[in-house]
Structure formats: C-alpha cells, structure tokens
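Q:
In the UniProt record's numbering, the protein residues as written are 1 to 307.
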C-alpha cells in the first residue's frame with residue numbers, strides 16, 4: 001500500500017468536479033479531509049457528507065459560516081456600494097475568501113500541510129482561494145488539480161458538457177429567482193433601515209413582518225426579491241489572468257434590493273466633496289474584491305477587511 005503523502009483539506013461541494021478530485025487525491029497518496037461550507041445555500045449537507053465518506057474521505061467537516069459571511073463580507077461590500085464592472089455584485093467573489101479562511105483554520109487544526117480546491121485554471125476563483133490561503137498561512141501548499149496536466153488530461157468531460165450548455169440551456173437554471181414573466185403583478189413594499197451603511201431592519205409594509213438580525217435580513221430580502229424575479233444577470237467579464245469570459249448566469253436578488261437605497265443614503269450622509277473624493281475607492285474596491293488583490297494601505301480604505 002502506498003505510504004501517505006500527508007493530509008489535504010479539500011474544499012468539497014459534493015458536485016462532480018470535487019468528487020472526482022477527492023478520489024484522484026486519494027489515488028495520489030493523500031489523506032483527504034473534505035470540508036463543506038454552509039454560506040446559506042439550500043443543500044443536503046448530510047447527503048454530501050455520506051458521499052464524501054463513501055468516496056474515501058478520512059474526515060468530513062461541515063462548517064456553518066453564513067453569519068460571518070453576511071456580517072464580515074457582504075455588509076462591507078454593501079457599505080462601499082461595490083459593483084464589479086458596473087454589473088456584478090460580487091457574490092462568489094466574497095464567498096470564496098470566506099470559505100478559504102475556514103479551510104485554512106481546519107488545515108491548521110488538523111495538522112494538514114496541503115489544501116485543495118476545484119477551481120479551474122481559467123477563472124478568478126483559483127486566485128481568491130489561493131491568495132486567501134497564502135495570506136493566512138504562507139507555509140501552506142495548494143494543490144490545484146485543474147492546473148495539473150496529469151489531472152485535466154484524464155478528465156475531459158467538461159467539453160461535452162459545455163457544448164451541450166451552449167446549445168440548450170439547462171431547465172431550472174435559476175433556483176433563487178422567479179421567471180420575471182411569472183412573477184407576481186402585485187408588489188411587496190419594503191422599508192429598510194440602515195445604520196452606518198449596513199441594513200439593520202426591514203419591514204414589509206403590506207403584512208407588517210419585521211426582520212432585524214443579519215441572517216434574517218439576508219434570507220428574507222433574497223426570498224422576497226427573488227419571488228419578484230429581481231437579480232438575474234448574464235455577464236461578460238474580465239478575468240484576472242487576462243481573458244474575457246461570458247462565464248456567469250448570476251442570481252443575487254439581495255443586491256438590487258439593497259444597492260439603490262444604500263447609494264441614496266450615502267448621498268444624503270456625505271458632503272459633496274468627500275463623496276467625490278471617495279469615488280476612486282468605490283471604483284477600485286470591487287475590482288480588488290473581484291480579483292482578490294486587496295490593498296490595505298489604499299488611501300481612504302475602510303477599516304473592515306475581508307482578511
């Protein structure tokens with residue numbers, strides 16, 4: 001039997017890519033610790049746990065990071081009116097460093113020298129995962145299978161899947177937002193209260209329901225805005241490595257529900273000149289989040305940091 005090369009903490013989703021990676025890492029001689037992050041998505045985590053163990057994971061950790069994701073990552077982005085290339089509200093960009101931060105914690109706790117992820121070698125997620133890991137634990141080693149020829153030459157099924165998706169959009173692609181053609185004709189009127197740029201209370205004027213905690217606000221606004229078909233975009237964006245990509249059919253109903261009122265609040269609370277002085281930061285912050293190139297010494301940079 002092959003001697004172990006050590007433990008690796010794999011950011012595991014339960015999907016096809018990371019399931020293949022889990023088995024492949026075992027074949028290479030690593031003890032695989034599967035880690036699933038709950039950032040608020042509706043997922044059968046116990047089923048994913050069973051799958052990981054069945055595939056040979058030595059341990060499985062399911063970590064609920066939803067509260068810190070909202071309070072430490074999403075709210076600062078709302079405060080800064082972050083919008084990447086004028087369209088993208090940075091949902092994935094903010095989630096990856098949150099996920100990777102906990103991945104590093106697990107690696108340190110378990111004495112693992114390696115971490116691994118399922119991001120491809122063409123997108124920004126690889127940068128978000130790895131710069132977060134290296135920032136928090138410079139000594140850690142990252143195994144990125146989709147950049148390794150011995151892995152991607154063996155698994156070529158993605159080309160067929162991409163060709164299929166190009167010719168026929170999968171049914172039920174959007175799960176958080178209603179088709180606008182089928183959305184209700186009667187509106188929901190919401191009153192949102194902000195404090196220092198962060199939403200602290202939302203009230204539905206129609207039925208009087210009120211939500212105050214970060215997670216309640218987050219889930220409720222996503223639910224109501226999604227019910228009305230708000231938050232769908234299909235974007236072309238610039239990638240960190242220099243490619244242009246039509247890589248996202250995004251749904252984030254929370255963003256359009258919060259961005260306009262927060263921007264209005266910012267105009268009300270800011271004097272004319274400082275507001276304009278802040279524009280370079282508002283333009284650069286979403287770019288830095290999108291590519292994981294935070295600059296803590298940037299003039300006027302907010303005190304709250306993702307790392």
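Beta carbons are placed, not taken as given, at the ideal position from N, Cα and C, and that holds for glycine. Because the structure is a prediction, the values reported are computed rather than measured.
With a CB to CB cut of under 7 Å and the five nearest residues on each side skipped, what residues in its chain are close to residue 279?
A: Summary for residue 279: the model assigns pLDDT 48, below 50, so the residue's position carries little reliability; its value from the coordinates is reported in the next sentence. Nothing meets the Cβ criterion.
Q: Shortest alpha-carbon distance to residue 99 belongs to which of 85, 61, 154 and 123?
A: 61
Q: When burial is assigned at 16 or more other CB atoms within 10 Å of the CB, is residue 236 buried or exposed?
A: exposed
Q: DSSP three-state call for residue 38: helix, strand or coil?
A: strand
Q: Tell me which residue opens and which closes the beta strand (DSSP E) that residue 195 is part of.
A: 190 to 195
Q: Report the option in 148, 122, 115 and 145 whose CA atom is closest to the CA atom of residue 132.
A: Nearest C-alpha to residue 132: 115.
Q: Taking residue 146 as the reference, which of 25, 119, 129 and 137 has the closest Cα?
A: 119
Q: Under a Cβ-count criterion, where at least 16 other Cβ atoms within 10 Å of its own Cβ denotes burial, should residue 273 be classed as buried or exposed?
A: Note that residue 273 scores a pLDDT of 45, beneath 50, so its modelled location is shaky; the value from the coordinates is reported in the next line. With fewer than 16 other Cβ atoms within 10 Å, it is exposed.
Q: How would you write the range of the alpha helix (DSSP H) that residue 21 sits in, first residue to last?
A: 16 to 27
Q: Checking the sheet assignment: what are the DSSP bridge partners for residue 211?
A: 202
Q: Flag this pair as touching only if the segment 180 to 192 and the segment 220 to 237 have three or more C-beta atom pairs under 8 Å; answer yes or no.
A: yes
Q: Measure the CB-CB distance between residue 33 and residue 65 and report whether it falls below 9 Å.
A: no
Q: Just to confirm, is the Cβ distance from residue 74 to residue 194 under 9 Å?
A: No, they are not a contact pair.
Q: What is the DSSP secondary structure of residue 124, counted as helix, strand or coil?
A: coil
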